[in-house]
Amino acid sequence: MEQPFDLAAELAKQPHLLEIAGNLLMKGGPEDYIGAVLCLRGTLYFKDAHTPLVRESLCQCFDEFKRLAEPHLTWLWREEPAQGKPLTAYRDTQPLREMMGAMDEDDHLSFCYTSGKKSRDAGAWLFDIYGKRSWQAKMGHDLSVLEFSVPLLYQERQPLDFLQLFIDFARRLEPEQGYAGHAYNLSPTSWDNDEPSEAFMAARMPGLDVGTACLLANTPEFKPTRIKTVSWLTLLNNERLALAGGLDALRAQLPSSHFAFYRYGDGVVIQAGAYPYIAGDAEDSRPAPYVLLNHALKGIRYETVGSLHGGSHDGELRLVGWAADQWLKRLDVEDSEIPRWRDKLLSAEPYLDATNTLPERL
């Protein structure tokens, strides 16, 4: 009798299959570092990072993350630190509260904890804070970002931990919008050289998130009360939820057998499917849960974000301009196609149950 495929066992045997060599698609070819690694990543866009209350909330988020990740963390990168060095081995770092406590409200919050073997390597464990200064917030440039990730092997073995992290972090930070699903973490120092690898994989993996969140956060295109994308987990604050028609309207469109809703204080988190999807099936590479959620929220999605990547150096592939706008639309289908997608969801995709949802779902 043929044994079922055990993804966790295969990932444990060959973790390098999730890694991409650094500089791979740039002129000059690959270099000796890990440029990208596939993981499960959450992104939260929030405000008031310059205030003591939100900084303490970020520290509480890191406390919770450390309980899972600390044995694997290797480096702390900081951009323009007021005190200390830009790079510190994790074992030599001060506690995050102490570092934040020594900072002024006009200091830039930049703390990127990663698990790369070498300091330049992308790592699957990530906790990255990008917080705006007080004077920037007063000028209206007040959107900050928290990104955090776990390895796919960890997600396979502990399928509820990341979901709990995402909701707990949302309750502390009260984000404007957010999402979580498959993503490639890029090198913390050479991400510009590894964006082409991300763009190449995104064309083949509709469930993949792309783009540098801290660069998007305060672009003019990101200002309106809309969302960037949907994913396995999609967060809407109450303002965006109202624009989408409200909770009852969304629940009427999205079958409870495959979609779960969680309250986080100032909005909801929507879980689309029993597990994160990176793609669909041989018939259509788009995951059915994501297609249906995208259709329900398409009216509040950005028409454009300008660009998801930086400019090309030598003609290499990047998601800029038109290509970035097409990525936003990657899950779009016509209204007439929705019954077919709904049938596909109900007949072919696993149902939600106690093994893949939290008890607090609405």
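In the working numbering, the protein residues as written are 233 to 594.
Using N, Cα and C, we set each Cβ at its ideal position, and we do this for glycine too.
Per-residue burial, residue i [other beta carbons within 10 Å of its own, 16 or more giving buried]
| i | result |
| --- | --- |
| Glu379 | buried |
| Thr536 | exposed |
| Met371 | exposed |
| Lys561 | exposed |
| Met233 | Any reading at Met233 must be qualified, since the residue scores a pLDDT of 46, below 50, and its modelled position is unreliable; the value itself is stated next. The residue in question, Met233, is exposed, as its Cβ has fewer than 16 Cβ neighbours within 10 Å. |
| Gln390 | exposed |
| Gly505 | buried |
| Thr451 | exposed |
| Lys245 | exposed |
| Gly478 | exposed |
| Asp360 | buried |
| Pro591 | exposed |
| Gln315 | exposed |
| His545 | exposed |
| Ser289 | buried |
| Ser381 | buried |
Residue i - DSSP class collapsed to helix/strand/coil
| i | result |
| --- | --- |
| Asn588 | coil |
| Leu418 | strand |
| Arg310 | coil |
| Arg611 | Residue 611 is absent from the model: the chain starts at 233 and stops at 594. |
| Glu569 | helix |
| Ser366 | helix |
| Val382 | strand |
| Ala281 | coil |
| Gln409 | strand |
| Asp360 | strand |
| Asp324 | helix |
| Ala354 | coil |
| Leu256 | coil |
| Arg329 | helix |
| Arg533 | strand |
| Glu337 | coil |
| Glu263 | strand |
| Asp575 | helix |
| Leu175 | Any answer about residue 175 is impossible in this case: the structure gives the chain only from 233 up to 594. |
| Val377 | strand |
| Met233 | Reliability fails at Met233, whose pLDDT of 46 lies under 50, so the model's placement of it is uncertain and no value is given. |
| Glu251 | strand |
| Leu448 | helix |
| Ala244 | helix |
| Asp441 | strand |
| Ser544 | coil |
| Ala580 | helix |
C-beta atoms of residue i and residue j nearer than 9 Å
| i | j | result |
| --- | --- | --- |
| Ala412 | Phe394 | yes |
| Ile266 | Ala321 | no |
| Ser422 | Arg352 | yes |
| Ile399 | Tyr507 | no |
| Ser429 | Ala556 | no |
| Tyr522 | Ser463 | yes |
| Lys259 | Thr306 | no |
| His340 | Glu311 | yes |
| Arg403 | Met332 | no |
| Thr461 | Asp480 | no |
| His414 | Leu384 | yes |
| Lys576 | Ala514 | no |
| Asn417 | Arg273 | yes |
| Asp426 | Gly254 | yes |
| Ala301 | Ser342 | no |
| Ala356 | Leu250 | yes |
| Pro563 | Arg518 | Note that residue 563 corresponds to Leu in the displayed sequence, not to Pro. Yes, Cβ-Cβ distance for Leu563 and Arg518 is below 9 Å. |
| Cys446 | Leu358 | no |
| Ser489 | Leu405 | no |
| Arg574 | Leu540 | no |
| Glu566 | Phe401 | no |
| Leu256 | Pro262 | yes |
Residues near residue i in its chain [Cβ-Cβ closer than 7 Å; skip 5 each side]
| i | result |
| --- | --- |
| Tyr277 | Leu375, Val377, Pro407, Glu408, Gln409, Gly410 and Ala449 |
| Gln485 | Ala528 |
| Leu482 | Ala476 and Ala528 |
| Ile532 | Arg458, Ile459, Arg472, Leu475 and Ala476 |
| Ile510 | His414, Met437, Gly439 and Leu440 |
| Leu319 | Trp307, Trp309 and Ser351 |
| Ala492 | Gln503, Leu584, Thr589 and Arg593 |
| His304 | Ser347 and Trp357 |
| Met335 | Ala314 |
Cut-off 6 Å between Cβ atoms - residues of its own chain near residue i, not counting five sequence neighbours on either side
| i | result |
| --- | --- |
| Trp559 | Leu551 |
| Gly542 | Asp424 |
| Leu328 | Cys291 and Phe294 |
| Thr466 | Tyr411 and Ile502 |
| Trp367 | Asp338 |
| Asp280 | Val286 |
| Pro582 | Ala506 |
| Tyr345 | Leu305, Leu308 and Phe359 |
Cβ-heavy atom distance, residue i to the ligand SAM, below 8 Å
| i | result |
| --- | --- |
| Thr589 | What this structure holds is no ligand at all, so the ligand SAM is not there to describe. |
Min CB distance residue i to chain B below 9 Å
| i | result |
| --- | --- |
| Ala356 | Of the chains in the structure shown, none is chain B; there is only one protein chain. |
Every unbroken alpha helix (DSSP H) within the stretch 455–528, with a cutoff of 4 residues, ordered by chain: 470–475 and 479–485
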